[in-house]
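Just add 2 to the spot in the sequence shown (first one is 1) and you have my numbering.
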Amino acid sequence: MALLDVADVTVRFGGVTAVDGASISAEQSRITGLIGPNGAGKTTLFNVITGLQPPTAGTVRLGGRNLARWPPSRRARAGMGRTFQRLEAFGSLTVRENVLVAREIHQGVKGLLRGSGSRVDELLERVGISGYAAHRADAVPTGVARLLEMARVLAIDPRLLLLDEPSSGLDESETAAFGALLRELAAEDRTILLVEHDMDLVMSVCDVIHVLEFGRIIASGTPEEIRADTRVQEAYLGAEPASATGGQP
Ligand SMILES: Nc1ncnc2c1ncn2[C@@H]1O[C@H](COP(=O)(O)OP(=O)(O)OP(=O)(O)O)[C@@H](O)[C@H]1O
Ligand SMILES: [Mg+2]
3 MALLDVADVT
13 VRFGGVTAVD
23 GASISAEQSR
33 ITGLIGPNGA
43 GKTTLFNVIT
53 GLQPPTAGTV
63 RLGGRNLARW
73 PPSRRARAGM
83 GRTFQRLEAF
93 GSLTVRENVL
103 VAREIHQGVK
113 GLLRGSGSRV
123 DELLERVGIS
133 GYAAHRADAV
143 PTGVARLLEM
153 ARVLAIDPRL
163 LLLDEPSSGL
173 DESETAAFGA
183 LLRELAAEDR
193 TILLVEHDMD
203 LVMSVCDVIH
213 VLEFGRIIAS
223 GTPEEIRADT
233 RVQEAYLGAE
243 PASATGGQP
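So, in structure tokens, the structure goes:
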């Protein structure tokens with residue numbers, strides 16, 4: 003059984019159908035990709051999974067339990083961690099303080115008693131931004147800010163990670179290191195659902211990929227199967243995706 007199971011989810015905003023009967027799953031300890039052109043409904047689907055957006059129809063299950071009545075906070079406590087496409091760090095805090103805050107919110111009083119500092123430094127080291135620990139979060143390059151998002155989500159020790167375009171703004175060597183980090187996290191039994199426009203990264207790290215187009219899943223399979231799928235080539239891979247260069251608006 004998959005750890006995460008999303009079945010027949012539809013989301014309508016007035017006349018716009020952002021997600022249209024989409025079903026995807028994410029297996030335990032695997033990296034599952036979710037790709038598709040701009041506006042396909044990827045972020046909306048993440049919002050449904052994390053409880054920020056109630057679906058018009060359909061169900062989300064985690065470990066077999068229907069999450070319909072679970073608010074985002076309960077999903078987070080159950081081990082769901084998420085990064086945002088729009089960067090969400092506290093700009094006036096340092097990089098290190100941002101991770102410390104995430105960790106202390108997660109641990110509550112326990113965290114204050116035990117002290118989270120050394121663990122926070124390990125996390126900064128792990129994602130590769132120790133050198134920026136004392137910099138204000140609003141004064142670091144976009145790539146560093148992305149990696150800070152990653153450290154912040156890892157601070158809550160999630161078993162399911164939902165990553166929304168985590169590599170946008172990373173340079174080539176940062177992206178390679180990031181891909182290796184994702185593989186390590188999966189080897190530690192974490193389950194990853196990855197929305198990403200960088201096809202090289204997606205094809206190299208994912209075990210399974212779902213392709214969304216106009217809110218519908220048009221293909222699901224291994225990277226090889228997705229690459230060979232003519233519908234996918236027409237819908238997506240043939241065309242140059244608008245944000246493939248990783249530029250921020
Ligand atoms: N709150 C909202 N109200 C109305 N329409 C919305 C809302 N959120 C998203 N949409 C629309 O739903 C569709 C899907 O948007 P979504 O952000 O989920 O796409 P995406 O696949 O994440 O795109 P991108 O790759 O550009 O991030 C788009 O047409 C978008 O304009
Ligand atoms: Mg999006």
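Note that the Cβ used here is the ideal one computed from N, Cα and C, for glycine as well. It should be emphasised that the depicted structure is a prediction, and the values quoted were computed from it without experimental measurement.
Comparing C-alpha distances from ILE33 to each of GLY41, LEU54, PRO56 and LEU6 shows the shortest one belongs to LEU6.
Here the C-alpha atom of ALA70 lies approximately 14 Å from the C-alpha atom of VAL13. Non-local C-beta neighbours of VAL146 in its own chain, meaning closer than 6 Å and more than five positions away in sequence, comprise ILE131 and TYR134, ordered along the chain.
One alpha carbon belongs to PRO160, the other to ARG229, and they sit about 30 Å apart. Annotated three-state conformation of ALA153 is helix, per DSSP. Secondary structure note for HIS108: its alpha helix (DSSP H) is the uninterrupted segment 97 to 109. Runs of the beta strand (DSSP E) lying entirely within the region 124 to 204, each at least 3 residues long, are 162 to 166 and 193 to 197 in chain order.
For ASP166, the CB falls within less than 8 Å of some heavy atom of ligand 2. In this structure, ASN68 lies away from THR58, with their beta-carbon atoms at least 9 Å apart. Contact between the region 34 to 42 and the region 190 to 200 is present, with at least three C-beta pairs closer than 8 Å.
Comparing alpha carbon positions, the residue from GLN55, GLU226, ILE26 and CYS208 closest to ARG77 is GLN55. Taken through DSSP and simplified to helix, strand or coil, GLU215 comes out as strand.
Excluding residues up to 5 positions away in sequence, VAL8 and HIS212 lie with their Cβ nearer than 6 Å to the Cβ of ILE26 in the same chain.
Closest in alpha carbon position to VAL129, among PHE92, PRO168 and ALA141, is PRO168.
Per the CB criterion, closer than 6 Å to any heavy atom of ligand 1, the qualifying residues run in chain order as PHE15, VAL18, ALA20, GLY38, ASN40, GLY41, ALA42, GLY43, LYS44, THR45, THR46 and GLN87. For the pair ALA80 and ARG154, the CB atoms are not nearer than the 9 Å cut-off. The continuous stretches of beta strand (DSSP E) do not include ALA78, which lies in the alpha helix (DSSP H) extending over residues 74 to 79. Distance between LYS44 and ALA221, taken at the CA atoms: about 14 Å.
For THR85, no beta strand (DSSP E) segment is defined, and its DSSP state is neither H nor E.
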